[in-house]
Amino acid sequence: MDDAFSSTTQLNSEFNEGKNDIRHKKKIKSKESTTEKTIKNNYKYKYEEQIRNLDEQIQQRIEEIICKRKYAKELDQENEKLNNELATIKSNMNNPLDGKVKELNETYINLIEKNKEEIKYLTETNSKKAAVSKKFAEEKMCNIEDGANM
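What the sequence shown shows, in my numbering, is residues -14 to 135, in sequence order.
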């Protein structure tokens, strides 16, 4: 009887140890999954914060580009106005004028040409800056997408 009792007791204790092992493994797995979730949430928060910051930077760049385009449009209008004035002066030069007025018109033409060159330079510079800003924004968005896909 003692042998039967001891073997039953031994079986029960082995069974309980098996249960405890399973519970312990579940606890460890639960802790690991909680840790994984925490890590994922931390990365998710980091990426969301980076995305917000980059969105703000992109919005600022877009606003800068819009301002530069408005400025370029104003420069184009000024250039057109100068072209019209230049055409008027050149047509007036064909009329017989005394030497002094003709000299003043030539000076005025030179000034207009200089202004046109300056406007052209500013327009080109503005276009280059806008292109760089656009490229920067596109690269940042690619970096965000790459980071989010990880």
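Backbone N, C-alpha and C define an ideal beta-carbon position, used for all residues, glycine too.
Would you say residue i lies against chain D (beta-carbon separation less than 8 Å)?
{"i": "Ser76", "result": "Absence of chain D from the displayed structure is noted, only one protein chain being present."}
When you compare each of the options to residue i by their alpha carbons, which one comes out closest?
{"i": "Lys53", "options": "Asp40, Ile43, Cys127, Lys113", "result": "Lys113"}
{"i": "Ile129", "options": "Leu39, Lys22, Ile97", "result": "Leu39"}
{"i": "Asn77", "options": "Gly84, Asn90, Lys85", "result": "Asn90"}
{"i": "Tyr56", "options": "Tyr106, Thr19, Lys25", "result": "Tyr106"}
{"i": "Lys58", "options": "Tyr32, Val117, Glu109", "result": "Glu109"}
{"i": "Glu70", "options": "Val86, Ile97, Lys85", "result": "Ile97"}
By how many angstroms is the C-alpha of residue j removed from the C-alpha of residue i?
{"i": "Ile74", "j": "Glu48", "result": "39 Å"}
{"i": "Glu88", "j": "Asn95", "result": "11 Å"}
{"i": "Asn26", "j": "Met126", "result": "21 Å"}
{"i": "Gln44", "j": "Glu34", "result": "15 Å"}
{"i": "Ala115", "j": "Arg46", "result": "9 Å"}
{"i": "Glu102", "j": "Glu65", "result": "13 Å"}
So residue i and residue j are in contact, right, with Cβ under 8 Å, and what is the actual spacing, rounded?
{"i": "Leu67", "j": "Asn100", "result": "6 Å"}
{"i": "Lys119", "j": "Ile36", "result": "Not confirmed; about 19 Å, so no contact."}
{"i": "Glu41", "j": "Ile104", "result": "33 Å between Cβ atoms; not a contact."}
Taking 8 Å as the limit between beta carbons, can you name the residues of its chain near residue i, skipping five residues before and five after?
{"i": "Glu123", "result": "none"}
Spatial neighbours of residue i within its chain, please: C-beta separation below 7 Å, excluding the five flanking residues on both sides.
{"i": "Tyr93", "result": "Ile74"}
So, at 6 Å on beta carbons, what are the nonlocal neighbours of residue i in its own chain, with the 5 sequence-adjacent residues on each side left out?
{"i": "Asn111", "result": "Lys53, Ala57"}
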